[in-house]
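Just below is one structure, and these are the notes that go with it.
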Amino acid sequence: MKRILVVDDDPDILEVIQIVLESENYLVFPLLSPRYIFKTIKNFNPDLIILDIMLNGMDGRTVFKELKLNPETLHIPVILASARYNERYIASQAYHPDDYLEKPFNETDLLKKVDTLISN
């Protein structure tokens with residue numbers, strides 16, 4: 132069973148993503164704060180991370196950069212999610228995610244992006 136770590140400070144978003152992904156037989160670990168993301172990654176060993184950009188007290192782009200600069204986590208595909216930034220803005224940044232999920236999102240788009248990255 133493929134494992135997905137979802138980091139978002141909105142419990143409702145976390146719950147929706149978890150329900151959608153678990154309905155497709157993914158094992159999901161919801162995380163409300165990126166504070167313990169590296170410990171969670173070590174213990175949960177995710178195949179994919181869905182990371183919100185606008186986190187309470189932290190910038191998801193900074194967390195993403197740390198993931199990509201760390202040799203232990205740089206291989207894990209990351210989908211950045213945001214209601215504030217568009218895909219063009221994300222593409223203009225120095226570090227590019229494996230994919231981008233614009234909020235609000237629909238289940239089909241979420242699953243398509245996850246399936247593509249998990250299959251690779």
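Numbering (the working numbering), first residue to last: 132 to 251. The C-beta atom is built at its ideal place from N, Cα and C for all residues, glycine as well.
Please state the DSSP three-state secondary structure of residue i.
i           : result
residue 161 : strand
residue 250 : helix
residue 205 : coil
residue 230 : strand
residue 135 : strand
residue 190 : strand
residue 172 : helix
residue 184 : coil
residue 235 : coil
If I measure Cβ to Cβ from residue i and keep anything under 6 Å in the same chain, skipping five residues before and after, which residues do I get?
i           : result
residue 187 : 140
residue 157 : 133 and 135
residue 164 : none
Leaving out five residues before and five after residue i in sequence, what residues of the same chain have Cβ atoms less than 7 Å from its Cβ?
i           : result
residue 195 : 182, 209, 211, 226 and 228
Give me whichever residues DSSP pairs with residue i in a beta bridge.
i           : result
residue 154 : The partner list for residue 154 (beta bridge, DSSP) is empty, contrary to what the question assumes.
residue 179 : 135
residue 210 : 181 and 230
Suppose you measure from the CA of residue i to the CA of residue j; what does that come to, to the nearest Å?
i           : j           : result
residue 199 : residue 205 : 4 Å
residue 213 : residue 170 : 24 Å
residue 168 : residue 231 : 19 Å
residue 185 : residue 215 : 8 Å
residue 153 : residue 192 : 26 Å
residue 147 : residue 233 : 15 Å
Suppose the cutoff is 8 Å on Cβ atoms and the five residues either side in sequence are ignored; what does the same chain contact list for residue i look like?
i           : result
residue 175 : 134, 136 and 160
residue 238 : 151
Report, in whole angstroms, the separation of the C-beta atoms of residue i and residue j, which I expect to be a contact under 8 Å.
i           : j           : result
residue 179 : residue 248 : 5 Å
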